[in-house]
Amino acid sequence: MDTDGFGELLQQAEQLAAETEGVSELPHVERNLQEIQQAGERLRSKTLTRTLQETADVKASILLGSKGLDISHISQRLESLSAATTFEPLEPVKDTDVQGFLKNERDNALLSGIEESRKRTFRMAERFYWESMLVEWEHDKQKILHTLLASGEDALDFTNESEPSFISEMGPPGRSAMDSIEMAYARQIFIYNEKIVNGHLQPNLGDICSTVAECLDDKNVSELWAMVKQMTDVLLVPARDALSCRTGMEMQMGFVRQAMQFLEQSYKNYVMATVYGNLHQAQLGGVPGTYQLVRSFLNIKLPAPLPGLQDGEVEGHPVWVLIYYCLRCGDLIAAMQVVNRAQHQLGEFKNWFQEYVQGNDRRLSPTAENKLRLHYRRALRNSTDPYKRAVYCLIGRCDVTDSHSEVADKTDDYIWLKLNQVCFEDDVTSSPQDRQTLSQLQSQLLEEYGESHFAAAQRPFLYFQVLFLTAQFEAAIAFLFRLERLRCHAVHVALVLHELKLLLKSSTHSAQLLTQEPGDPRPIRRLNFIRLLMLYTRKFEPTDPREALQYFYFLRNEKDSQGENMFMRCVSELVIESREFDMLLGRLEKDGSRKPGLIDKFAGDTKAVISKVASVAEHKGLFEEAVKLYDLAKNPDKVLELMNRLLSPVIPQVSAPQSNKERLKNMALSVAERYRSQGITADKSIDSTFYLLLDLITFFDEYHGGHIDRAIDVMEKLKLVPLSQDSVEERVAAFRNFSDEIRHNLSEVLLATMNILFTQYKRLKGTSSATPARPQRVMEDRDSQLRSQARALITFAGMIPYRMAGDTNARLVQMEVLMN
154 MDTDGFGELL
164 QQAEQLAAET
174 EGVSELPHVE
184 RNLQEIQQAG
194 ERLRSKTLTR
204 TLQETADVKA
214 SILLGSKGLD
224 ISHISQRLES
234 LSAATTFEPL
244 EPVKDTDVQG
254 FLKNERDNAL
264 LSGIEESRKR
274 TFRMAERFYW
284 ESMLVEWEHD
294 KQKILHTLLA
304 SGEDALDFTN
314 ESEPSFISEM
324 GPPGRSAMDS
334 IEMAYARQIF
344 IYNEKIVNGH
354 LQPNLGDICS
364 TVAECLDDKN
374 VSELWAMVKQ
384 MTDVLLVPAR
394 DALSCRTGME
404 MQMGFVRQAM
414 QFLEQSYKNY
424 VMATVYGNLH
434 QAQLGGVPGT
444 YQLVRSFLNI
454 KLPAPLPGLQ
464 DGEVEGHPVW
474 VLIYYCLRCG
484 DLIAAMQVVN
494 RAQHQLGEFK
504 NWFQEYVQGN
514 DRRLSPTAEN
524 KLRLHYRRAL
534 RNSTDPYKRA
544 VYCLIGRCDV
554 TDSHSEVADK
564 TDDYIWLKLN
574 QVCFEDDVTS
584 SPQDRQTLSQ
594 LQSQLLEEYG
604 ESHFAAAQRP
614 FLYFQVLFLT
624 AQFEAAIAFL
634 FRLERLRCHA
644 VHVALVLHEL
654 KLLLKSSTHS
664 AQLLTQEPGD
674 PRPIRRLNFI
684 RLLMLYTRKF
694 EPTDPREALQ
704 YFYFLRNEKD
714 SQGENMFMRC
724 VSELVIESRE
734 FDMLLGRLEK
744 DGSRKPGLID
754 KFAGDTKAVI
764 SKVASVAEHK
774 GLFEEAVKLY
784 DLAKNPDKVL
794 ELMNRLLSPV
804 IPQVSAPQSN
814 KERLKNMALS
824 VAERYRSQGI
834 TADKSIDSTF
844 YLLLDLITFF
854 DEYHGGHIDR
864 AIDVMEKLKL
874 VPLSQDSVEE
884 RVAAFRNFSD
894 EIRHNLSEVL
904 LATMNILFTQ
914 YKRLKGTSSA
924 TPARPQRVME
934 DRDSQLRSQA
944 RALITFAGMI
954 PYRMAGDTNA
964 RLVQMEVLMN
């Protein structure tokens, strides 16, 4: 019976196998019972351990299948591009496989395009990165160099003896970093600028700044400003080209003449002070005049007995000594008086000197000059009377190599003597020892002798005088600027020369403080005026921005190498560093009107200045400050663009007092309220994004506050996400028009909306059974509506062409599954 049963079973199995083989559509599987059991176990374990991500894959397959897309076919096509992870070319196929060859070529073309695009993107990103780094480094390098070079131009000394830094001088916060002298100068600069901006005639800045010296009771500073006023009193017409003007013969003759007059008047004042301080010994007498003054001076300071004094005496004093000191005091008439009294002992010198006194610019005629020089070489070069030799060299401008140290024992005397011997006309007949130009004298003093010869560190005013009186203004200013206690004087001397258009300025703002540029005649030096002023103001910019702005006004016509106006650049940096936006640039009142700031006094187009500062703030990442500045500059497009950028990251956050979101929200609401009341609009896309972000803030505030019904009402009005299957296509199409600021928050919007639906679903399920006020059918309809809305969100999330952050899709699917 058992055999019959097994036989019948076998017959049925064979019949079933025959029927199966006849169906060509089904695959033929040959497995024993053990293999079938193992396969079943694997399927069971896979089903039991299915992850949430796999559930999402199933949902995605269903969604795409409903749209006619086969996800398995798409997966196979993607997997076929196995080289996509490395973007390496696929292996070549056999030549006989035409279809495979074409497919391979197509895949290789796609991969090569992807790889080239990737490489190009990385190259562009790297280039932009390094360009940005170089710009930032160049800016920081300039700041570092400016600060370091402020303590020394030739070398950087990091020893303990270095000058104190600006930081240590600033003192406690809120206290001015300017000392009393700097404040006194700043007040004069304010007075000068007030006259300029109010349209008055341009005053003399030198006269204004010299009043500071009167208050300081410092003889050296008083002499410095007297020297500046004397040397700058040569300009007949405004100079268009400072270099050609400064190197012109007429201007150089004027400099030499002014310098000699200064030295002569200074020496005469010294003689008068000496005489009136020793009246009994001087025996001045009642006859006024330089001759009597010099004679009385010699009664007190008679030169030490020198051997070989010649040609007799006049009233008890050697004749050549009297002539020399009268010349030293700048009185040619007094010297002529001495010559007339001793004319019988002086021979032909009387005629030469008379021509010298009557001639223009203290110059003999070429004929007389050659005769005097010949007489000097033959009879006087080896004379034992130093005063006679000095007088002949002054009158005939000969033997310029002789320093006359017995007579000119002081630096002032030496400079005066050399300036008297400077020649301007071309005299080819003169020997090199009888000819000295102003350029040769300048080179000798600056390059051959230099600071060490004149002990500049111990006597800075003297070395400044040596350079300034020889028309080396830039070198004198740069030297004085290196000394911290005298820096303010140097800066204001430079300002005076700059306003008179006598200053030789560097062609680039990044040059050193003092440079010699190619093409300039030696020993011409140029001063980096921009760096000088920026170094000076850096000390007090944080504490005294008003005063710094006054100095920056002198840069209104200066431009850097990129053509940027230096006044606007310095003002923008000043505003950013000091954060005194309202004081410097003005502020907006509640009615939208602008209260003027300090900049209104100096700039006709304040909007351009404010826009420049706003651009710098934006570049530095100070977006909130940039918003206020663009608002001040009446640029609503930039205001709303930056507000969108600021609001986007904080929209999903919980609002809390004093929080970042709360501050930005209040700021945005004030802008929106003012713009709506005044009818101000920006670009349509920017404007719509701004107000949509504000609405999203309202949605999240209601959501976080637990008012889910009001929150879902807000979302329904916004029509940002679909809440029904019929509106999915419409919302997907509208999504393409949204800006990145909106798309960035889409994940949080979907999660919050789904969470609201899930909360409403749980609340619905948690209520009691149907009541007369709430029929069963109404509850079922509401249940169906909530699940339909959830499915619409899932469908929308799967259809939009946007990669959402994190596990958004998984969380959405999880909540939707829990609602089924």
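With this note's numbering applied, the sequence shown corresponds to residues 154 to 973, in that order.
We put the beta carbon where it would ideally sit given N, CA and C, even for glycine.
Of the residues PHE720, PHE614, TYR689, LEU680, the one whose Cα lies closest to the Cα of CYS641 is TYR689. The alpha-carbon separation between PRO802 and SER808 amounts to approximately 13 angstroms. Note on VAL374: 16 or more other CB atoms within 10 angstroms of its CB, so buried under the neighbour-count rule. Checking the DSSP bridge columns, you'll see THR668 partnered with ARG679.
Residue ASP332 holds the alpha-carbon nearest to the alpha-carbon of PHE693 among ASP332, ILE267, LEU264.
Taken atom to atom, the span from the alpha-carbon of TRP378 to that of ASP360 is near 9 angstroms.
Within the DSSP secondary-structure output, VAL467 pairs in a beta bridge with HIS470. Of the candidates LEU517, HIS470, THR443, the residue whose Cα lies closest to the Cα of CYS482 is THR443. Going by DSSP, SER838 is part of the alpha helix (DSSP H) stretching over 837-857.
Ranked by how close their Cα comes to the Cα of SER823, the residues ARG675, MET796, VAL970, PRO441 have MET796 in first place. Closest in C-alpha terms to THR851, from the list VAL491, ILE804, HIS897, comes ILE804.
Contact annotation: VAL472 and ALA495 have beta-carbon atoms nearer than 8 angstroms. Taken through DSSP and simplified to helix, strand or coil, LYS658 comes out as strand.
Excluding five sequence positions before and after MET957, the CB atoms of its chain that fall closer than 6 angstroms to its own CB belong to SER900, given in chain order. GLY757 and ARG747 do not touch by the CB rule: their CB atoms are close to 15 angstroms apart, not below 8 angstroms. Pairing SER731 with ARG328, the inter-Cα distance amounts to about 13 angstroms.
The closest CA to that of GLN341, considering only GLY469, VAL646, LEU527, ILE267, is found on VAL646. In the three-state reduction of the DSSP assignment, ASN573 falls in the helix class.
LEU599 has its alpha-carbon roughly 27 angstroms from the corresponding atom of PRO539. In the structure shown, ASN898 adopts coil according to DSSP, grouped into three states. For the options LEU475, TYR477, ALA532, GLY549, the alpha carbon positioned closest to that of GLU508 is the one of GLY549.
Separation of ILE486 and VAL474 (C-alpha to C-alpha, rounded to the nearest whole angstrom) is 15 angstroms. Taken atom to atom, the span from the alpha-carbon of LYS503 to that of HIS433 is near 34 angstroms. Here the alpha carbons of ALA629 and GLU670 stand approximately 17 angstroms from one another.
TYR429 counts as exposed, since fewer than 16 other C-beta atoms from the protein chains shown sit within 10 angstroms of its C-beta.
Here the region 678-685 lies against the region 649-657, with 3 or more beta-carbon pairs under 8 angstroms apart.
Distance between LEU620 and GLN595, taken at the CA atoms: about 8 angstroms. Cβ-Cβ separation between ASP552 and TYR567: approximately 14 angstroms, too far for a contact (criterion under 8 angstroms). Setting aside the 5 residues that flank it on each side, ARG863 is surrounded in the same chain by GLU855, each with a C-beta closer than 6 angstroms to its C-beta; the list follows chain order.
The continuous alpha helix (DSSP H) containing ILE344 extends over residues 333-350.
For the pair SER725 and VAL424, the Cα-to-Cα distance works out to about 54 angstroms. In the DSSP secondary-structure assignment, LEU741 is bridged to ARG747. Assigned with DSSP and collapsed to three states, LYS294 falls in helix.
Between the region 435-454 and the region 605-619 there are fewer than three C-beta pairs closer than 8 angstroms, too few to call the two in contact.
For HIS470, the number of other beta carbons within 10 angstroms of its own is at least 16, and it is reported as buried. Under a 10 Å Cβ-count criterion, SER270 is classified as exposed, with fewer than 16 other Cβ atoms of the shown protein chains found around its own Cβ.
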